[in-house]
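Respectively, the protein sequence lines represent chains A and B. The opening position of the first sequence corresponds to residue 1 in the working numbering, with each subsequent residue numbered one higher. The opening position of the second sequence corresponds to residue 255 in the working numbering, with each subsequent residue numbered one higher. Report on the following structure.
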Amino acid sequence: MRRFALSALAALAFGLTATTPNAAEGPALPKEHWPFAGVFGTFDRGALNRGFQVHKEVCSACHSLSLIYYRHLAGIGLTAEEIRAIAAEKEVTDGPNDEGDMFKRPGRPSDRYVAPFANENASRSANNGAYPPDLSLMIKARKGGPDYLYAILTGYKDAPADVRIMDGMHYNEFFPGHQIAMPMPLSEGGVTFADGTAATVGAMARDVTTFLAWTAEPEMEQRKQLGVKVVLFLIVFSGLTYAVKRKVWADLHA
Amino acid sequence: MNAPEWKNPVVRWIDFRLPIFSFVYHELGVYPAPRNLNYFWTFGSLAGIVLVIMLASGIVLAFNYTPHATMAFDSVERIMRDVNWGWLLRYIHMNGGSAFFIVVYIHMFRGLYYGSYKYPREILWFLGVIILLLMMATAFMGYVLPWGQMSFWGATVITNLFSAFPLVGESIVTWLWGGYSVDNPTLNRFFALHYLLAFVIVGAAAVHLWALHVQKSNNPMGIDTKGPQDTVPFHPYMTVKDLFSLSVFLTVFSMFVFFAPNFFGEPDNYIPANPLVTPPHIVPEWYFLPYYAILRSIPDKLIGVLAMFGSIFVLFLLPWLDTSRVRSGTFRPAYKKLFWVFVVDCIVLGYVGANPPEGYFLILGRLATIYYFFHFIILLPLLGWFERPLPLPTSISQPVLGGRTAATARHMEKA
């Protein structure tokens, strides 16, 4: 019986690992250390703020962030005042007004992030036919998550001699097929951080990856903190129910 | 065993008109369970509880979900971001699907090992297979609802299977889709059917329990209970055992929900459905992978589809394919080994299903598919003739207690 139980567990574990799909495309992603990974992981506030800045000054020129509303930025520690100011920098089309006309007004915290282009066609026409994907869920939507994003951002290289790069494309070690339409987005010193952090490509890539990990899973810290309590409770509860079970069955096992 | 005289006058008044208290007393209180049931027997009640968890979380999710091709994806993300505890509800429901299949597969393999499908529990077994089919349909349609890339392309691939049938195939597919491709009408009907089928499962589970309570539980020895010395009342013995099992299950389940909620998922399903872009690998959820492997290991589409459905329908024939009169694998030396070979075969099929059908995987998939049917159609009928089972114990209480001891006597006085 015990062997049956053990083998069943082993079979189950094997089944689970066996079904995780193999990521056979491209070179293996370098494993970065992310403070938000793991059971007790939290987002580094400094990295979130710097990442927000990188996104604002670099990524948002081409990529939308459609699942985020300005009010959500409270989640990375911005004050209501700061959020109002950030939203107001953008123009939002609203209406119709009483005369039936659409009008422009400054953005409000209750608005969705304003996309850089009106629609996919406008986006493609401005980007050499390529469509910069929405970044809200990027970390959850790619195998490797934050490691993948970091690898792409830092993976620009000169193409090997035997690779012909198509017009308007760029060589990236980690992009499937190695040819990516996006030119290298981050350059040394491209952003000036208020906290004095040196804006190296690596640092900016880490920070913006952290920010996008937050846009993908804004609930993550709350989820993990609740999870620790729930699991601890259930472990104690399992112990108690096991003790009760032993007691109830005691007179049968004499 | 008669119900006790109810002392509370309200209870007595109700019970006289609708014997609901007596019913609970009989079916959950004194219902005799074999005293030697092991922990694999707790997976039945676990499955029932997971079903309740799925209904509870699913109904609240439906409050906030919009079944429309242009809004479904965003409405799910709104649940994740703006609905109070929405992320918890969705992750419970999402991982609950996988948990349901894990629990039910263990429940079924237990039935296979201990011969729980044999006389007189054939109908109980059929009802279980029907529940599995309903679960598969429900899970498939539920996976389509977030309207991500895998939702869309999974729906396209699976519904297209029906086009394999000659003459009527194409019409069936158009009819299923409600149009000429997977689109808004498909999403709408899948939502309606997903919601409906959940309650059909509840009905089927109720009938499954009814059949169980007529012939009562099988047990690890696979021999009939002979009297009160072989059984214990369901409450408190089985209730407390099931409760312990439930708390261990919830602990493991919570680890997935809170710390690895997307473990069973595909990253591609966080990309909104796009009919113009096909993902490089379209893979179903893990619980469909063995069937997917059977489907793809056969070069002819129609035969592949039939083999895939056949892999489930063969379970309906199982009570007659297994010719051995001994139920439990414990007393069947050869079957015991072949059972594990079969388990490994199912895992190999799942592994193959997760990989592209090329080279090594194609050959492995074909061998595993052949063995799957060989096990049921050739091995089991022959085994009943050639296998020499071990001598069966005369009763359940005898080997457990080594004859009638003081403890049995004590227990019997209590009962």
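Glycine included, C-beta positions come from ideal geometry on N, C-alpha and C. For clarity, every value in this text was computed on a predicted model and none was experimentally measured.
Within chain A, the residues placing a beta-carbon under 8 Å from that of N516/B are K140, ordered along the chain. For P534/B, there is no enclosing beta strand (DSSP E), as DSSP marks it with neither H nor E. Within 10 angstroms of the beta-carbon of I385/B lie 16 or more other beta-carbons, which makes it buried.
Listed in chain order, the positions of the segment 267-297 of chain B with a beta carbon within less than 9 Å of a beta carbon of chain A are R289, N292, Y293, F294. Counting only the Cα atoms, H72/A lies some 20 Å from L226/A. Nearest in C-alpha terms to D478/B, of all of G350/B, F277/B, L272/B, L291/B, is L291/B.
Residue burial is scored here from C-beta neighbours: I152/A has at least 16 other C-beta atoms within 10 angstroms and is therefore classed as buried. Counting the other CB atoms within 10 Å of its CB gives E89/A a total below 16, which places it among the exposed residues. Identification of residues in the segment 55-71 of chain A having a C-beta nearer than 9 Å to some C-beta of chain B yields S66, L67, I68, Y69, given in sequence order. According to the DSSP assignment, T210/A belongs to no beta strand (DSSP E) but to the alpha helix (DSSP H) extending over 201-216. Around the beta carbon of D134/A, 16 or more other beta carbons lie within 10 angstroms, which makes this residue buried.
Under the rule that a run must span 4 or more residues, the alpha helix (DSSP H) segments found entirely inside the segment 374-459 of chain B read 376-398, 403-414, 423-431.
Flagged as an interface residue toward chain B: S238/A, by a C-beta distance shorter than 8 Å. At least one C-beta of chain A is nearer than 8 Å to the C-beta of R335/B. Between the alpha carbons of N473/B and P288/B lies a distance of about 6 Å.
DSSP, reduced to helix, strand and coil, places I68/A outside both helices and strands of the structure shown, so it counts as coil. S501/B belongs to the set of residues whose beta carbon lies under 8 Å from a beta carbon in chain A. Between S238/A and S565/B, the CB-CB gap reaches or exceeds 8 Å. Contact annotation: the segment 399-409 of chain B touches the segment 527-537 of chain B, with at least three C-beta pairs closer than 8 Å. Each residue's CA atom was taken as its position, placing F270/B and L282/B some 19 Å apart. When secondary structure is reduced to three states using DSSP, K104/A falls in the strand class.
Taking 8 Å as the cut-off between beta carbons, the residues of the segment 462-480 of chain B near chain A are P474, in sequence order. Considering only A459/B, R266/B, P521/B, G619/B, the residue with the shortest C-alpha distance to Y546/B is G619/B. Around the C-beta of P553/B, fewer than 16 other C-beta atoms lie within 10 Å, and the residue is accordingly described as exposed.
For T485/B, the uninterrupted beta strand (DSSP E) segment begins and ends at 485-487.
The segment 317-331 of chain B makes no contact with the segment 348-360 of chain B, as fewer than three CB pairs between them are under 8 Å.
Excluding sequence positions up to five before and after R112/A, its CB lies within less than 6 Å of the CB of Y69, all in the same chain and listed in chain order. At least 8 Å separates the CB of P487/B from every CB of chain A. Under the DSSP assignment, A126/A falls in the alpha helix (DSSP H) whose first and last residues are 120-126.
Interface annotation, F596/B: not in contact with chain A, CB-CB separation never under 8 Å.
Under the DSSP assignment, P573/B falls in the alpha helix (DSSP H) whose first and last residues are 555-575.
Close to P218/A, with beta-carbon spacing below 7 Å, are these residues of chain B in chain order: R335. Closest in C-alpha terms to F43/A, from the list F233/A, A159/A, T209/A, K245/A, comes T209/A.
The contact set of Y242/A on chain B, defined by CB atoms closer than 7 Å, consists of F498 in chain order. From the listed residues A122/A, G51/A, Q222/A, F233/A, the smallest Cα separation to T200/A is found for G51/A. A straight line joining the alpha-carbon of E219/A with that of F445/B spans about 26 Å.
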